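Chains as they are written, first to last, in the numbering used here: chain A, 60 to 424; chain B, 333 to 554. Heads up: the structure comes next, in structure tokens.
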């Protein structure tokens, strides 16, 4: 199944005008606040009526302003996971979970409630009311409620933004399971590059209401031109395998023959992961570095140098582990004599491979 | 005693019949933007600001036996003039603004985002209202109904103008108090009725506070 979206809408300050397709898996709408992400999701949900456009899941049209078609939200078969959860305070967790099921068409393919409850680990909460739940528990129930409505499309609008880091780490695996186990397209809004790195099958980077870049996560995140969507976002995604866990608290990862170290992770040896290396955590050298405290050094050739605004430049380095991006100054580029094709070394500070940037199963790209 | 029974009956029906209208109008005023919204708001509040005698006289003109609504309704067997049903109509109209205000406040306190969530989960507007909005405003509805009941119990001006003061037919508690005060030596009987009125009014107030608090606790889930 795939979702196609075409929208035009004049908002205060920006003109939304975009067109993209979202395959099954997680399509992340990525961009700064005010780039129009939430407007897109709400238009897909039918909570706001855009001036022009068309949204369809395969050939099932949710609305098409050219042909005057408009399905009200309750007939769109959605599972919408809101930032604030929006659980019904007067109903128990069980009743909240069942809410969407009451209205799902009889013939709809139904998720097994016991399986969903088990997957989300909310079995012990069923008789509580939302007021008695923690933020993370609320969001898990909200995910379950959306899933059990037998949706043909799942929408998530910054579902983790209201949670602290520990809660985010608690919820992210459930979204990964959602991505890997549910066949419907998931449209996921966020401005966090870490969430993109972990979840995205494909990424739509938005800037001021327009699609800046659209493609597989590893390509979009590695493209310095997405910088306007959030400079800190630029970084490489590497596919790695867990090679060993060491006694001194480090885990060893293997990628294309190269070795990387990071603080101990809980994944099993042999498991495939993807990790994100933010460009600003990478230092370049034109000689084999010696006497450095950094453990991770990848050798390779400069692939391209893209100068951005101001004094900075993004250098992409082709290494055995994959393409690594480094954010350096233009002065350094000149001082090191970096040019496409020249050998160089990418030094990655160990701490840069933060656990929240470590993704689950490697998906499409 | 007859006046008390009549008053209870009049107020009960006045409250029960106006309640659905009250919820509907309160919802429309709280949630919908439509032309004439301010006019509707003004009409609803009119009985609160007009002298009750004027409201009663307007009812008499409209629902009297020769009135533009009274005549066709009488043809259907529904007669308001000089009947207890007329007293209920007058009481209901007079209590309506209080009921609408209480319910409207509680609707405005419900986050429309929860109603949106209901819609995305497949509930039509009506089902969202029945399963999300109504349960959440229940304390406000109860409070509005009890307030309206108390107001209906005390309604005097519009009632006596519209349906007069016929013992056993239209003589409600306040009308009876008024009648006793018009005859020499009626003060004792009037005082008895006054005490009954006070007890009922206080009882209604306490009940509404109690019910409101209990329901609010249940809804909040604490």
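C-beta: ideal position from N, C-alpha, C; glycine also. Please read these numbers as outputs of a predicted model, since none were measured by experiment.
Contacts between residue 132 (chain A) and chain B, judged by CB atoms closer than 8 Å, involve 448, 451 and 452 in chain order. Annotated three-state conformation of residue 194 (chain A) is helix, per DSSP.
Among the bridge pairs identified by DSSP, residue 119 (chain A) is matched with A:116. For residue 320 (chain A), not one C-beta of chain B is nearer than 8 Å to its own C-beta.
Contact between residue 404 (chain A) and residue 344 (chain A) holds: their C-beta atoms lie close to 5 Å from each other, under 8 Å.
In the structure shown, residue 138 (chain A) falls within a strand segment according to DSSP collapsed to helix, strand and coil. In the three-state reduction of the DSSP assignment, residue 336 (chain A) falls in the strand class. Burial is judged here by how many other beta carbons sit within 10 angstroms of a residue's own beta carbon; residue 416 (chain B) has at least 16 and is buried. Within chain A, no residue has its CB atom less than 9 Å from the CB of residue 444 (chain B), the nearest being about 10 Å off. Within chain A, 149 have C-beta atoms less than 7 Å from the C-beta of residue 467 (chain B), given in sequence order. Using a CB distance below 7 Å, the part of the segment 150–170 of chain A facing chain B consists of 158, 159, 162 and 163, ordered along the chain.
For the segment 376–404 of chain A, the continuous beta strand (DSSP E) assignments of 3+ residues that do not extend past its boundaries occur at 381–388, in sequence order. The criterion of a C-beta distance shorter than 8 Å is satisfied by residue 132 (chain A) and residue 452 (chain B). One alpha carbon belongs to residue 135 (chain A), the other to residue 255 (chain A), and they sit about 26 Å apart. With fewer than 16 other Cβ atoms inside 10 Å of its own Cβ, residue 171 (chain A) counts as exposed. For residue 106 (chain A), the chain B residues whose C-beta falls within less than 8 Å of its own C-beta are 448, 451 and 452, listed in chain order.
Shown here, residue 407 (chain A) sits in a strand according to DSSP, grouped into three states. Proximity of chain A to residue 464 (chain B) at the Cβ level (cut-off 7 Å) is accounted for by 147, in chain order. Distances from the alpha-carbon of residue 114 (chain A) to those of A:251, A:138, A:78 and A:146 put A:78 closest. Counting along the chain, the unbroken beta strand (DSSP E) around residue 304 (chain A) starts and ends at 294–304. Residue 412 (chain B) is positioned such that its CB atom lies closer than 8 Å to that of residue 395 (chain B). For a Cβ distance threshold of 8 Å, residue set 453 of chain B lies close to residue 204 (chain A), ordered along the chain. Distances from the alpha-carbon of residue 353 (chain B) to those of B:491, B:505, B:521 and B:433 put B:433 closest. DSSP, reduced to helix, strand and coil, places residue 65 (chain A) within a strand of the structure shown.
Contact note: residue 137 (chain A) reaches chain B through 452, using a C-beta cutoff of 7 Å and chain order. Residue contact with chain A for residue 438 (chain B): absent (no Cβ-Cβ distance below 8 Å to any residue of chain A). Using a Cβ distance threshold of 8 Å, residue 350 (chain B) and residue 462 (chain B) do not count as a contacting pair. Separation of the CB atoms of residue 260 (chain A) and residue 82 (chain A) is rounded to 7 Å, and the pair is thereby assigned contact status at 8 Å. Within the same chain, 132 come within 8 Å of residue 106 (chain A) by CB-CB distance, once the 5 residues on both sides are set aside. Using a Cβ-Cβ distance cut-off of 8 Å, the segment 208–220 of chain A and the segment 234–252 of chain A are in contact, since at least three pairs of beta carbons, one from each stretch, lie closer than that value.
Here the segment 292–311 of chain A lies against the segment 381–391 of chain A, with 3 or more beta-carbon pairs under 8 Å apart. Straight-line measurement puts the Cα of residue 204 (chain A) at about 9 Å from the Cα of residue 160 (chain A).
Contact annotation: residue 436 (chain B) and residue 361 (chain B) have beta-carbon atoms nearer than 8 Å. By the Cβ-count criterion, residue 398 (chain A) is exposed, with fewer than 16 other Cβ atoms from all chains shown falling within 10 Å of its own Cβ. Apart from the 5 residues on each side of it in sequence, residue 536 (chain B) sits with its Cβ closer than 7 Å to the Cβ of 478, 481 and 482 in its chain, given in chain order. Under DSSP, residue 358 (chain A) shares a beta bridge with A:404.
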